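Note sheet for the following structure.
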């Protein structure tokens with residue numbers, strides 16, 4: 018067996034962390050800084066070498082609809098502002114560079130998951146709060162499109178097409194995670210901006226609409242997008258059980274077919290209830306890097322998978338948004 022490389026430390030970026038959802042469920046009204054042992058915590062991020070996360074505001078399907086969706090989004094924004102202290106808010110490519118190459122406070126970008134509220138809550142206001150990525154759906158249907166569990170899905174609604182055009186105008190990226198196939202195709206056809214899948218599995222391993230097909234992977238890569246492989250057992254396998262070797266195998270399969278530049282980690286920590294054995298939280302990130310080293314991956318490829326690929330994607334997204342806003 019090839020000896021693993023020694024003493025390499027890879028700055029990591031996690032593209033999907035359901036931190037707010039976990040705090041509301043399990044630690045209500047307690048600031049993150051007072052929770053060192055929470056599933057996602059500042060000490061665990063430091064131990065795992067995670068320099069930045071994409072912190073998710075998940076709007077549950079039960080709040081979809083006029084008025085209540087926007088009210089729920091406002092509540093989540095206020096809750097996050099009050100209880101999610103301890104991160105550097107990343108608003109620019111320079112800010113991302115500082116946290117990624119630094120050793121101090123980790124950074125956070127922000128993602129809205131389930132955009133039904135944006136039919137009343139102005140997307141411009143969301144952008145002003147630092148959001149640059151929007152996922153259009155969750156599991157069910159909303160006024161924009163159908164999520165991945167809808168039995169007879171259709172594509173973008175007229176309101177959804179209008180929203181997609183507005184997101185493109187404002188320089189957002191669209192997260193395709195949770196889109197059912199017709200909606201995914203419509204987004205590819207009607208949105209010319211950046212695409213990603215922040216947290217997913219691969220249909221080659223678990224053939225479900227929740228996961229990406231080869232056609233969808235190619236569509237994301239054609240936009241210089243990145244695919245984030247999740248740690249959620251229900252995504253990784255039909256049996257609903259997984260361990261770190263399955264995370265490694267899915268990334269390795271992707272690399273062998275498409276190369277190492279288009280894949281990263283989107284753990285979904287905080288967003289599910291089961292356990293990915295030996296990859297339970299951010300403290301396990303260095304062990305995943307070791308698996309790639311042990312498999313003979315060069316250092317540059319491991320660095321890209323652990324964080325460098327997301328760093329490139331978000332740097333380009335933030336730089337483009339700053340240019341559009343007239344910033345330097």
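In this note's numbering, the protein residues as written are 18 to 345.
From the three backbone atoms N, C-alpha and C, an ideal C-beta is built for every residue, glycine too.
Note that the structure is a prediction, hence the values are computed from the model and not measured.
What residue from 242, 291, 298, 313 has the CA that sits closest to residue 273's CA? 313
Residues sharing a beta bridge with residue 29, DSSP: 67
Does the Cβ of residue 318 have 16 or more other Cβ atoms within 10 Å, making it buried, or fewer, making it exposed? buried
Over the uninterrupted alpha helix (DSSP H) stretch that includes residue 103, give me the two end residues. Run containing residue 103: none; DSSP gives neither H nor E here.
Quick one: what's residue 230 bridged to in DSSP? Answer is none; residue 230 lacks a bridge partner.
Cut-off 6 Å between Cβ atoms - residues of its own chain near residue 346, not counting five sequence neighbours on either side: Here the chain covers residues 18 to 345 and nothing more, so residue 346 does not appear.
Going by the CB atoms, is the gap between residue 96 and residue 37 shorter than 8 Å? yes
Three-state secondary structure (DSSP) at residue 160? coil
Proximity winner among 338, 328, 246, 107, relative to residue 28 (alpha-carbon distances): 328
Provide the residue span of the alpha helix (DSSP H) that contains residue 149, from first to last. Premise fails: residue 149 lies in the beta strand (DSSP E), 148-152, not in any alpha helix (DSSP H).
If you draw a straight line from the alpha carbon of residue 61 to that of residue 287, how long is it in whole angstroms? 13 Å
DSSP on residue 249, reduced to helix/strand/coil? coil
Count the other CB atoms within 10 Å of the CB of residue 102; is the residue buried (16 or more) or exposed (fewer)? exposed
Neighbourhood of residue 217 by C-beta distance below 8 Å, restricted to the same chain and skipping five residues each side: 194, 227, 228, 229, 244, 245, 246, 247, 252, 283
Do the segment 121-134 and the segment 41-58 make contact, defined as three or more Cβ pairs closer than 8 Å? no
Tell me the DSSP bridge mates of residue 260? 294
Provide the residue span of the alpha helix (DSSP H) that contains residue 41, from first to last. 36-43
Does DSSP classify residue 191 as helix, strand or coil? strand
Check whether the Cβ atoms of residue 90 and residue 156 sit closer than 8 Å, and answer yes or no. no
Note down the Cα distance separating residue 106 from residue 326, rounded to an integer number of angstroms. 20 Å
Could you check whether the segment 112-122 touches the segment 150-168, counting it as contact only if at least three pairs of C-beta atoms, one from each stretch, sit closer than 8 Å? no
Under 6 Å Cβ to Cβ from residue 183, same chain only, skipping five residues before and after it: list those, please. 140
Candidates 147, 86, 88, 142, of which the one nearest residue 110 by Cα: 147
What number of angstroms, rounded off, separates the C-alpha of residue 84 from the C-alpha of residue 336? 33 Å
Tell me which residue opens and which closes the alpha helix (DSSP H) that residue 112 is part of. 110-117
Neighbourhood of residue 63 by C-beta distance below 8 Å, restricted to the same chain and skipping five residues each side: 123
Neighbourhood of residue 333 by C-beta, 6 Å cutoff - its chain only, sequence neighbours within 5 removed: none
Less than 7 Å between C-beta atoms, sequence neighbours within five positions excluded: which residues of the same chain meet that for residue 267? 218, 219, 222, 246, 253
Going by DSSP, what residue range makes up the alpha helix (DSSP H) through residue 213? It is not in any alpha helix (DSSP H) - residue 213 instead sits in the beta strand (DSSP E) that spans 212-217.
Look at the alpha carbon of residue 71 and the alpha carbon of residue 299, and state the distance between them as a whole number of angstroms. 13 Å
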